[in-house]
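Position 242 (the sequence shown) corresponds to 241 in numbering that gives the first Met the number 0; numbering is contiguous. Just below is one structure, and these are the notes that go with it.
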Amino acid sequence: MRDVILEARGLTKRFRSREEGKRSFTAVDKASLSLCAGETLGLLGESGSGKSTLGQMLVGLIRPDEGTILYRGQPLPFPFKGVPRQKIQILFQHPEVSFNPQLTLRQSLSEPFRLRGKPVSDEALAECISRFGLYPEHLERRPGALSGGELQRAALARILVMEPEVILLDEPTSMLDVITQAQIVDFLRRYREEHGTSYLFITHSTSLAEQVCHRIIHIRAGVLAEEEVPERKGGEANEKDRHPVLSEFQ
Ligand SMILES: Nc1ncnc2c1ncn2[C@@H]1O[C@H](COP(=O)(O)OP(=O)(O)OP(=O)(O)O)[C@@H](O)[C@H]1O
Ligand SMILES: [Mg+2]
């Protein structure tokens, strides 16, 4: 049986229109989807199609105009509170938006430890970042003194302290170089296998989606279209179709 963790029913978001004479335009129109435990669901569409808007409604960052979000079958009113708020996390395309520029990495990383009631020690912080190739010395720096790749890895380290069940990955690797992308994608795959985490993977790269996603939903002008299950050979994508990001790494 499918163990649905997060579900959207008829989510709609309208924004004020920039066109004269038009009051509003619909960025996401009656979107319904479900995300199962341990599943990577791809949301694929071109720029401006409404991917981030739908994703941000699903993680509670913006309020839907219509529709319902359910977490483990329970309606989740906006703003999210309590357990769902901790268990549903987002990794942004631009990692700097995840961090307060005034705070050192040590200060930013300590926050989720406190929220989870975990002791914040030098050892715990060092361990948290070491699996992403960062060092204790990075902890004393502010976001402006870290590279994009380092900051994205720190953002992921920080999210995982919350032990999320769902992570919205909003084009999390598109700003990174090929090796860093491959490392993050590979880490996420292994982490999901170990912890049963669910991912909603937003991308405009068909080949990347086909390799990392169990199912792919297409979005066009705010409307969810057909769903597809990528073709695999023995659970993996065809060698000739392998995305360059992954072929570097695997
Ligand atoms: N806060 C906002 N106010 C007004 N319009 C917005 C707002 N946020 C998004 N939009 C518009 O809604 C539409 C969908 O935007 P969205 O960011 O969801 O697209 P996207 O599919 O994530 O695109 P990209 O691939 O470029 O990130 C776009 O036309 C965008 O300009
Ligand atoms: Mg977007």
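Even for Gly, the Cβ is constructed at its ideal location relative to N, Cα and C.
Those residues which DSSP pairs with residue i across a bridge
i       : result
Cys-212 : DSSP, once it has assigned bridges, lists no residue as partnering Cys-212.
Phe-14  : Phe-24
His-217 : Leu-43
Gln-55  : Answer is none; Gln-55 lacks a bridge partner.
Ala-30  : Leu-10
Ile-89  : Leu-167
Leu-5   : Leu-34, Tyr-70
Thr-202 : Leu-43
Leu-223 : Ile-218
Glu-19  : In the DSSP output, where bridge partners are listed per residue, Glu-19 has none listed.
Glu-65  : Thr-11
Inter-residue CB distance, residue i and residue j (contact presumed, cutoff 8 Å)
i       : j       : result
Pro-213 : Glu-225 : Looking at the sequence shown, residue 213 is not Pro but His. With 8 Å as the limit, His-213 and Glu-225 do not qualify as a contact, their Cβ atoms being about 15 Å apart.
Leu-60  : Ala-30  : So it is not a contact: roughly 15 Å between Cβ atoms.
Ala-154 : Ser-97  : 4 Å
Ala-26  : Thr-52  : 5 Å
Leu-102 : Cys-127 : Contact doesn't hold; Cβ gap of about 16 Å is too wide.
Option in the options with minimal Cα separation from residue i
i       : options                           : result
Ala-144 : Arg-130, Phe-14, Glu-95, Gln-73   : Glu-95
Arg-1   : Phe-14, Ser-23, Asp-28, Ser-33    : Ser-33
His-194 : Ala-7, Arg-62, Arg-71, Thr-39     : Thr-39
Pro-100 : Ala-220, Leu-5, Glu-139           : Glu-139
Arg-105 : Leu-187, Arg-22, Ile-215, Leu-124 : Leu-124
Lys-12  : Leu-5, Pro-63, Lys-50             : Pro-63
Arg-189 : Gly-37, Val-177, Pro-229          : Gly-37
Ile-166 : Val-3, Phe-24, Glu-65, Gln-88     : Gln-88
Leu-223 : Pro-78, Asp-28, Lys-21, Phe-131   : Asp-28
Glu-149 : Thr-179, Ile-158, Glu-122         : Thr-179
Are at least three pairs of beta-carbons, each pair with one atom in the stretch 191–207 and one in the stretch 33–49, less than 8 Å apart? In the pairwise beta carbon analysis, the stretch 191–207 is classified as touching the stretch 33–49: at least three pairs are separated by under 8 Å.
Enumerated in chain order, which unbroken segments of the beta strand (DSSP E) with a length of 3 residues or greater are wholly contained in the stretch 128–198? 165–169
Count Cβ pairs between the stretch 160–172 and the stretch 81–93 that sit closer than 8 Å; are there 3 or more? yes
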